[in-house]
Structures are given as structure tokens and as C-alpha cells.
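Asker: Chains as they are written, first to last, in my numbering: chain X, 30 to 321; chain P, 120 to 465.
For each residue, glycine too, the CB sits at the ideal point set by N, CA and C.
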Amino acid sequence: MAVAVSRGFGLARPGWRANLDIVYTIIVSRLKIISRYKGMLLMEAFLPIMFAGFPLLLGFAIGGANAAQNFQRNTGTTADYRLYMLIGSCVFMVVTLMMWLIGYWIRREQETGTLESMYLAPAKRFYVLAGVTTYAFLRSMMIFVIALFLGSLAFGVNPLSGNVLLAFGFITVGFLPLWGIGFIFGAFILKIKEANSVIQLVQWVVAFLMGIYYPITFFPGWMQYVAASFPPTILNDGIRSSLLNIGNLFGGEWWVPFALLLAFSLILPLLGYEIFLQTERRLKRTEGVGQY
Amino acid sequence: MNRGHGLGREDLAQRLQTFWEMSKKTIVEFSRYPIAFVALFAQIFLIILMFLFAAIAFTDPLTEMEVTLPATTEGAATLDWLNQTTTVLGVDYGSFTVVHLRAEPAVVQSIQARSLEARELNAGLGQQIAGVMIYGFVTNMFLSFTLWEIGFSIREEQARGTLESLYLSPASKFGSLLSRIFAITIFTGIMCAAGVLMVNYLVGGLAFQNAGFALLVLLLSFSGFLGFGFVFAGISIKLKESAQFLVNGTQFFFMIFSAQFFPFGALRSLHPGIVDYVSRWLPVSYSVDLFRSSLLGFPAGYPELADPATEFVIVLLFGILSPLVGYVVYRYVERKARKDGNLGEF
């Protein structure tokens, strides 16, 4: 009891230290849980290599000895198509994990019956979500680095020949819009419940739109605009253009996609959080958040 | 009472009735999750589209042609023009001048207008590769659903606590396993047909020959896949949650080594040993190869692993033996779990 009281907030309002502690506790608890499933982590690290491997084999079959030349001519990007696809697959993994981990976390809490209990805790939802999204980012970044390293060895490419610092900048800035998308996605799962199927569908829509195997210039005109206004596409394009030393979708200047991502970083997390809160309020008034 | 079997033994009609009731249960479950169903349909189209775009990125942007010109001054003038506008790979002089070249698609019509005969050498290659991809994808869909559905539904029954009760009923265990995949197989068939039609529309016509034979190969292959499904159902009872990783791994293994999205030639170009020491030893490879080769009309170089008769014998044996072996494995694991008392544990 004494321990519980000493660790609770009592009637006081939690300060910044307590809020930070919420974020930290959630990150640690999620990391502890995932450390029990080492096979899953291993599988996730290999998935981007598999995703990149299929189109590469298709490319060998179609292009033969001219695969690199054909790819460069058709896409107007680079002859280093192996690294092009590997980067696309790794960025896709980051994006999909951000959505999957947040959506699945909500669903899991609903199913295990702990979501409503969490709402009774004197912790602000923002910090709880910040903990989950930060954990999702840490896990996806770890997978990104491992997959890029192993994939580079498997495909015989060098991912460090381009502007690594700029790529790192893109990842850092691109994380915030993904955070916002994660909130929106979480709200959606809270509302419609069928997490698995929705996540699966959305992850393929994302993969299609962000062009993990091809530049979005392959799309018809209107679809190019839709895809280009999607933060994961800009993130993917930014990382690719910096690591491969090629032009980007927005005319070659690195700061254009960077500024766009920065703008999304300011808008999307706030928008996503607001949508999450609204959905949550509506659900609390009707069937309750724990129903699944 | 009147729907049970009492002390009597089940006859064929009763077995069929039980099977239908069990399958109906799966259909009712599906109908409760319409979003999941729509999502499944949509994601299949998205995957196909992604692979098609990836394939387009590697196609030869130039048209390879064999052009026949008259051996006259007019022909010589056309040859000069061809030298300026295209990449001439070789010229054969004789009673006619035959030019082998690579040209931009924009000038193909002008070449055809200026020559006696102009033949596109790489015409139809795109459709052939699209056929290899989509027909391989069809086998992948059936294999994936068989691997996932039986084991996954057993796992669900474990979690819900209904698996042990189910074993107390006098219903056929084989029928129970089969009914879990029956409905999804019909849906998979419809989805695959829609996917093939979409690719057919997008690439401007797919080869679709020997449909009857291909259907027989698909049925035999599906029967063979069932064997894997039964084994994985047994593994799910034994390994519980961890079985998912194994299914995932197996799925990717077959995707790559049974060349479900690309020709075996692509694997061979990486290393001939991959095909000779891995792919050739997998019956699934022969199912994939024979199914798509027959639908493509056995073009030159297809089937890639063996001649059609040999491949058919392998697929036939696979279709007959695999479900029997798979079921024996499943029953062994299940009996052991019942003896140990952990059938319903999850």
C-alpha cells in the first residue's frame, strides 16, 4: 500500500517528471514484452530483405543482363536498383511497424480487458500514447538498421556511399508525421475494432502509394499528387535521394521534401491526437472503449 | 436429438451433412467480419499492382526488331535512316537486306511503313512474364490460405476453449479439418479469378490455354497443399503461438524457392545450385511450374524443371500422398496431446 501510494500521484497534479516517467514506464514495459518474442524480431528484420528480394528476382527474369540499364531508363533514377528497392522496403517496414504497433496495442488492450482500467489511471492519454509511439519508433528504427545492414550484405550494395547525415535528418523529421498517422490509425482501430484486417489492408495501400519498388511517377497524374502528399512517400523519397545521390520528387533540392516533412511534423501529431481524443470521447459516451 | 447420430454409425449422407454444417459455421464466422473480407480482396489487387509496376520498371524500353528491306537504292536509303534513328545490331546482305535493331517505341510505326517486313522480337515477353507472375501468385494464394487457415482455426478453438468439446463429438476429425479450409478455398478461387482478369486487362491479354489440364493440376496441387496444412495444424497444437513464425517462414521459403512470383530462370541466374539443390526437391515447385506453363501454352523453355509428363507424375503423387502423410502426422500429434492432457491448453 505504501509503495502504491508513494508511486501514485495522490491528489496532486502530475508534474513533468511524472509525465516523463509514464512515457519511460510504457517504453520499458513494451520492450520487456517484445523481448520474450525474439523470433518475431528476427522475422521482422528479414521481412524487408524478402520484400526487396521478390521484385529483384522478377527484375533479373525480365531485364536479364540489362536489368540495371532498363531500370534506370524506365524510372529515371539510378542503376543501383538493388539499393533502391532495399531502402524502399526498409522505410516501408518502419512505416508499417509504426501503424501496426499502435493499432495492435489498442486492440490487445481491448481484448485483454486492460484498456478501460488504463483510463482510470491518473495518467494523461498523451503521455501514454507518446510512450507507445516512442517504443514503436525505437523498435522500427532497430529493424530498419538491422535490415539495411543485412540486406546490403545479401545484395552486395553499399548504403553508406550517399549523404548518410541527410538521410538521418529525414528519418528524424519523418518520425513525427508517422507519430500523427499512428494516432489517427489508433483512433480508427478504437472505432472499428477489426484491427488485423484493417492493418493488413492499410499496410498494402501504404506500400503501393509510397512506391517501395518504383518511383511514383509511374502513377497516373492525379494519383501522383495523392501519393506525393503522403508523408511516408516524402520520407521514402528523401531517404532514397540522400543515400543514392539522386534527384527527388520535388525537383532535386533536398530542402523541399525536408521542409514538407517539417510542416507535416507540426500538423499531423496535433491533428492525430485531436482525432484520437474525439473518437475516444464519442466511444465513452456510447458503448465504452473496452468493448470489442 | 433428431440431428445427432445416436448410437448409429455415420453413413455417407450424414458425413456430408456434418461436413456442410461445419463448413457453414466457417462461412457464418466470415460473414461477421465484412471489413476483413473486403480488405482481403483489396490487398490482393494492391499486391498484384505493385508487382506489375515493379515488372514494368525492368522491361526493355526499346523494341527489338528484325526488319527486311529490298536490296535496292531505296532499301539502302532506309538502312541509312535506320542507322541514324535506331541502334543497328547487325545487317545480313542477300537478295534482301535483313536488319537486326533496337528502336524507340515511337519510331516502330515509321520502320514498319518503310520496310517490306518488320517483326518485333520481344513482343509478348511482357505478357509472358505477367502470366508467370499472376499464375504463380494463384498457387501462392492457395498454398498460403491452406497453411494459415487450418492451423489458425485450430489455434482459435484452443483459445476459445472449444477444441476439447469438439473432440467429444462423433464428427469425423478429417471432415473437421477439411471444413476449416472449404469456404476460404471457394473465396480464394473467386479472388484469384478476379486477379487474373485484372492483370489480363492491364497487360492487354494474358495467355490462357489448356484450362482443363491446368485446373486438374491446381486441384492436385491443392490436395498436396492440404497435407502441409494438416502438418501445420498438428504443429499449432504442439507449438501454440510460436507456430505462426514457422508458417510465416515456410510461406516465404516456398515463395522464393518454388519461384511463385518469377521464373526459375531468375533463381538460376543467381546461382544454378539454388534450382538444382533446393527447388527441384520441392513438389510445390513442380505444381507451380506445371500450372503456369500449361496456362501459358507451354512456350519455349517452359516448364523449366522437367518435361510436362514427369512434372505431372510428381504433382499427381504429391496430390495423393501429401494429404495422407499430413493427416497421419496430425493424428499422431493430436493423440499425443490428448494423452498428455494438453490439447486444449493455449
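Do you know how far the Cα of P/F349 is from the Cα of P/L296?
Answerer: For this step, residue 296 of chain P is matched to residue 177 along the second sequence. For this step, residue 349 of chain P is matched to residue 230 along the second sequence. Near 7 Å, if we compare the C-alpha coordinates of P/F349 and P/L296.
Asker: Evaluate contact between the stretch 443-452 of chain P and the stretch 340-354 of chain P, counting only Cβ atoms and requiring at least three cross-stretch pairs below 8 Å.
Answerer: They touch, by the three-pair rule.
Asker: Buried or exposed: which applies to X/R65, given that a residue is buried once 16 or more other Cβ atoms fall within 10 Å of its Cβ?
Answerer: As a first step, residue 65 of chain X must be located in the first sequence, where it is residue number 36. Its Cβ having fewer than 16 others within 10 Å, X/R65 is exposed.
Asker: From this set, X/V52, X/L70 and X/Y242, which residue's C-alpha is nearest X/V174's C-alpha?
Answerer: Walking along the first sequence from the start, residue 174 of chain X turns up at place 145. X/V174 has its Cα closest to that of X/L70, out of X/V52, X/L70 and X/Y242.
Asker: Taking CB distances under 8 Å as the criterion, tell me whether P/M120 reaches chain X.
Answerer: Taking the first residue of the second sequence as 1, we reach residue 120 of chain P at position 1. Summary for P/M120: the model assigns pLDDT 44, below 50, so the residue's position carries little reliability; its value from the coordinates is reported in the next sentence. P/M120 does not count as touching chain X.
Asker: Tell me whether X/L289 is buried or exposed, calling it buried when 16 or more other Cβ atoms sit within 10 Å of its Cβ.
Answerer: Walking along the first sequence from the start, residue 289 of chain X turns up at place 260. With 16 or more other Cβ atoms within 10 Å, it is buried.
Asker: Quick one, which of P/T192, P/F371 and P/P224 has its alpha-carbon nearest X/E73's?
Answerer: Here residue 73 of chain X corresponds to residue number 44 of the first sequence, with the count starting at 1. Closest option to X/E73, Cα to Cα, is P/F371.
Asker: For a contact meaning CB atoms closer than 7 Å, what does X/V234 contact in chain P?
Answerer: Position 205 of the first sequence, counted from the start, is the residue given in the question as residue 234 of chain X. Within 7 Å Cβ-Cβ: L165.
Asker: Within its chain, find whatever has a CB closer than 6 Å to the CB of P/I303; leave out the 5 residues flanking it on each side and keep chain order.
Answerer: Position 184 of the second sequence holds residue 303 of chain P. Closer than 6 Å at Cβ, skipping near neighbours: F264 and E268.
Asker: Excluding the 5 residues preceding and the 5 following P/F341 in the sequence, name in chain order all residues of the same chain whose CB lies nearer than 6 Å to its CB.
Answerer: If you number the second sequence from 1, residue 341 of chain P lands on position 222. F261, listed in sequence order.
Asker: Pull up the CB-CB distance for P/T178 and X/I91, whole angstroms please, since I reckon it's below 8 Å.
Answerer: The residue given as residue 178 of chain P occupies position 59 in the second sequence. The residue given as residue 91 of chain X occupies position 62 in the first sequence. Sure, about 6 Å apart at Cβ, within 8 Å.
Asker: Got a sec: is the Cβ-Cβ distance from X/Y254 to anything in chain P below 8 Å?
Answerer: Residue mapping note: residue 254 of chain X aligns to position 225 of the first sequence, counting from 1. Chain P contact via Cβ: absent.
Asker: Go through its chain and collect everything with a Cβ distance to X/I135's Cβ below 8 Å, but skip five positions before and after it.
Answerer: Numbered from its first residue, the first sequence carries residue 135 of chain X at position 106. L144, G215, I218, L219 and A224, listed in sequence order.
Asker: Extract the residue ranges of the beta strand (DSSP E) inside the stretch 229-287 of chain P, only unbroken runs of 3 or more that lie entirely within it.
Answerer: Within the stretch 229-287 of chain P, the complete beta strand (DSSP E) runs of at least 3 residues are 236-239.
Asker: Per DSSP, what kind of secondary structure is P/V218 in: helix, strand or coil?
Answerer: Working through the second sequence from its first residue, we reach residue 218 of chain P at position 99. Of the three classes helix, strand and coil, the one that applies to P/V218 here is strand, per DSSP.
Asker: Which residues of the stretch 167-179 of chain P have a Cβ closer than 8 Å to any Cβ of chain X? Give them in chain order.
Answerer: Answer set for the stretch 167-179 of chain P: L168, M169, F170, F172, A173, A174, I175, A176, F177, T178 and D179.
Asker: Going by the CB atoms, is the gap between P/V251 and P/R411 shorter than 8 Å?
Answerer: As a position in the second sequence, residue 411 of chain P is number 292, starting the count at 1. As a position in the second sequence, residue 251 of chain P is number 132, starting the count at 1. A contact, by the Cβ cut-off of 8 Å.
Asker: Let me check one thing: in DSSP terms, what residues is P/V210 bridge-paired to?
Answerer: Your numbering for residue 210 of chain P matches position 91 in the second sequence. The partner list for P/V210 (beta bridge, DSSP) reads P/V218.
Asker: Beta-carbon within less than 8 Å of P/A529's beta-carbon, same chain only, minus the 5 sequence neighbours each way: which residues are those?
Answerer: Residue 529 of chain P is absent from the model: chain P starts at 120 and stops at 465.
Asker: For X/M127, which of X/A165, X/V161 and X/G93 has the nearest alpha-carbon?
Answerer: Residue mapping note: residue 127 of chain X aligns to position 98 of the first sequence, counting from 1. Nearest option by C-alpha distance: X/A165.
Asker: Residues of chain P with a CB under 8 Å from the CB of X/R102: which are they?
Answerer: Counting from 1 along the first sequence, the entry for residue 102 of chain X is found at position 73. Result: P180.
Asker: If you measure between the beta carbons of X/F237 and P/M141, is that distance less than 8 Å?
Answerer: Here the question's residue 237 of chain X lines up with position 208 in the first sequence. Here the question's residue 141 of chain P lines up with position 22 in the second sequence. No, Cβ-Cβ distance for X/F237 and P/M141 is not below 8 Å.
Asker: X/Q139 touches chain P at which residues, Cβ-Cβ below 9 Å?
Answerer: One-based indexing of the first sequence puts residue 139 of chain X at position 110. Chain P residues near X/Q139: none, gap ~15 Å exceeds 9 Å.
Asker: Within 10 angstroms of its Cβ, does P/L462 collect 16 or more other Cβ (buried), or is it exposed?
Answerer: On the second sequence, residue 462 of chain P is found 343 positions in, with the first residue counted as 1. Looking at its Cβ environment, which holds 16 or more other Cβ atoms inside 10 Å, P/L462 is buried.
Asker: Hey, P/V403 and P/F373 are a contact pair by Cβ (cut 8 Å); roughly how many whole angstroms apart?
Answerer: For the purposes of this step, residue 403 of chain P is identified with residue 284 of the second sequence, where counting begins at 1. For the purposes of this step, residue 373 of chain P is identified with residue 254 of the second sequence, where counting begins at 1. Confirmed, Cβ separation roughly 5 Å.
Asker: Taking X/Q307 as the query, report the chain P residues whose CB atoms sit under 9 Å from its CB, ordered along the chain.
Answerer: Taking the first residue of the first sequence as position 1, residue 307 of chain X is located at position 278. In chain order: nothing, as chain P lies at least about 21 Å away.
Asker: Please list, in chain order, the chain X residues whose beta carbon lies closer than 8 Å to that of P/I248.
Answerer: Along the second sequence, read from residue 1 onward, the residue named residue 248 of chain P stands at position 129. Those are L87, A90 and I91, listed as they occur along chain X.
Asker: What number of angstroms, rounded off, separates the C-alpha of P/A456 from the C-alpha of P/I439?
Answerer: Numbered from its first residue, the second sequence carries residue 456 of chain P at position 337. Numbered from its first residue, the second sequence carries residue 439 of chain P at position 320. Cα-Cα distance, rounded: 27 Å.
Asker: For X/V193, report the span of its alpha helix (DSSP H) as first-last.
Answerer: If you number the first sequence from 1, residue 193 of chain X lands on position 164. First-last of the alpha helix (DSSP H) with X/V193: V193 to I221.
Asker: For X/N95, return the contacting residues in chain P, with the cut-off set at a CB-CB distance below 7 Å.
Answerer: Your numbering for residue 95 of chain X matches position 66 in the first sequence. Those within 7 Å of X/N95 in chain P are D179.
Asker: Bridge partners of P/P189, per DSSP?
Answerer: Within the second sequence, the letter at position 70 stands for residue 189 of chain P. P/F215.
Asker: Compare the beta carbon distance of P/L424 and P/D408 with 8 Å and say whether it is the shorter of the two.
Answerer: In the second sequence, the residue the question calls residue 424 of chain P occupies position 305. In the second sequence, the residue the question calls residue 408 of chain P occupies position 289. Yes, the Cβ-Cβ distance between P/L424 and P/D408 is below 8 Å.
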